[in-house]
Amino acid sequence: MICVQVPATVANLGPGFDCLGMALEFYNTIEVHEISSGLHIDVQGESAAIIPRDENNLVFRAAQRVFQQVGYRPTGLKFRIINNVPVGKGLGSSASAIVGGIIAANLLSGGNLRNKDLVSIAAELEGHPDNVAPAIIGGIVVSVPNDGDVKYIRLTSPPQLKCVVAVPDFHLSTKLAREVLPQQVSFNDAVFNIGRVALLVAALQQGDLSMLGVAMEDRLHQGCRSGLIPGMKKVMAAAKLAGARGVTLSGAGPTLIAFADSNLELIAQVMRDTFRQNGVNAKVFIINPSPVGARALHCK
Ligand code: HSE
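Here our numbering is used: the sequence shown runs in plain steps of one and ends on residue 319.
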């Protein structure tokens with residue numbers, strides 16, 4: 020039997036739309052073993068009721084993609100998915116499922132694919148690399164699709180950096196959150212984001228959290244998406260007032276995430292309270308960035 024642990028992820032980190040992401044210390048676990056015939060999928064945990072148990076299951080579909088690539092034909096498969104990352108909240112649940120499926124399938128079929136191949140396959144299935152790359156290699160990852168491949172570089176998260184995560188009690192599909200984006204952006208807005216994403220990468224590399232307030236600003240996607248998330252701008256402003264270094268929509272939302280090195284409980288409280296004042300119940304968590312990505316575990 021193969022057991023794989025895969026982290027949740029935050030994509031974009033503000034200005035790095037579709038190219039920046041970070042792994043969080045918050046994991047799904049996927050167990051798979053080959054059986055004589057058929058497909059059995061057991062799902063437990065968060066969002067279990069809405070996760071398919073048939074050929075439409077994303078873990079299975081991703082595993083099939085790897086089996087096809089390496090020419091492995093399992094007689095039958097049994098999966099057990101322990102799902103902690105909520106679905107449709109902007110914490111990389113689909114990336115976690117895809118990565119769990121491809122890593123498990125790679126191990127089951129002899130481990131012939133390297134991380135580079137796994138990142139490319141996962142990005143192809145997900146449509147963009149910013150969640151799957153940190154889900155595979157951990158830390159903070161800059162990733163760019165290039166000619167069917169993905170170029171990526173991993174950064175180590177600054178040791179003092181903590182994340183305060185506010186997860187609203189409603190789902191937002193990435194498809195819808197991408198449909199509200201404009202076909203074109205102004206030159207000024209493009210320049211605004213280019214400068215900030217460069218500043219953000221440099222600041223994270225040097226551990227200079229004082230830059231994050233400016234470096235995590237965005238003009239490409241968050242403004243368009245704020246209409247889908249009641250209170251989003253107010254929650255972000257309140258978190259900053261309470262001491263957050265920077266605040267961003269997590270992926271396509273609706274989760275918001277504050278980066279901080281102090282006042283963590285206060286930031287969590289004001290994010291929850293401000294969401295509530297805007298009619299949204301939100302769960303709040305304080306989580307560390309995850310230095311590790313997907314990895315095989317000893318099966319119990
Ligand atoms: N970069 C993606 C987006 C992440 O913002 O749409 C969500 O999958």
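A virtual CB, placed ideally from N, CA and C, is assigned to each residue, including glycine.
Look at the Cβ atom of residue i, then the Cβ atom of residue j, and state whether they are nearer than 8 Å.
i	j	result
Ile100	Val151	no
Ala301	Asn282	no
Pro34	Asp237	yes
Phe278	Leu218	no
Ile306	Ala287	no
Pro26	Leu39	no
Gly157	Val29	no
Gly270	Leu110	yes
Ala313	Ile155	yes
Ile122	Val23	yes
Val186	Lys108	yes
Pro249	Gly298	yes
Thr293	Ala257	yes
Ser113	Phe86	no
Residue i CB to nearest chain C CB: under 8 Å?
i	result
Ala142	Absent from the structure: chain C. Only one protein chain is present.
Any heavy atom of ligand 1 inside 7 Å of the beta-carbon of residue i?
i	result
Asp149	yes
Thr193	yes
Asp237	no
Asn212	no
Asn31	yes
Gly262	no
Ala154	no
Asp37	yes
Arg197	yes
Gly270	yes
His190	no
His240	yes
Out of the options, point me to the one whose CA is closest to residue i's CA.
i	options	result
Tyr171	Asn125, Ile276, Ser139	Ser139
Thr274	Leu132, Met251, Lys259, Ala256	Met251
Met230	Phe36, Gln241, Val216	Val216
Val161	Asn297, Asp37, Arg291	Asp37
Arg244	Met41, His59, Leu191, Asn125	Leu191
Met20	Ala68, Gln87, Val85, Pro93	Pro93
His52	Thr293, Pro308, Gly95	Gly95
Leu137	Ser112, Asn47, Asp168	Asp168
Leu316	Leu126, Pro105, Ser55, Ala81	Leu126
Val104	Leu285, Gly64, Pro177	Gly64
Gln241	Arg264, Thr193, Lys319, Leu285	Thr193
Thr175	Glu74, Leu223, Tyr46, Val199	Leu223
Leu132	Val163, Arg84, Leu200	Arg84
Near residue i, what residues of its chain come up, given a Cβ to Cβ distance below 7 Å and the 5 sequence neighbours on each side ignored?
i	result
Val78	Ile49, Phe98, Ile100, Ala116, Gly119, Gly120
His147	Asp37
Closer than 6 Å by C-beta to residue i: which residues in its own chain qualify, once you throw out the five before and the five after it? Chain order, please.
i	result
Gln88	none
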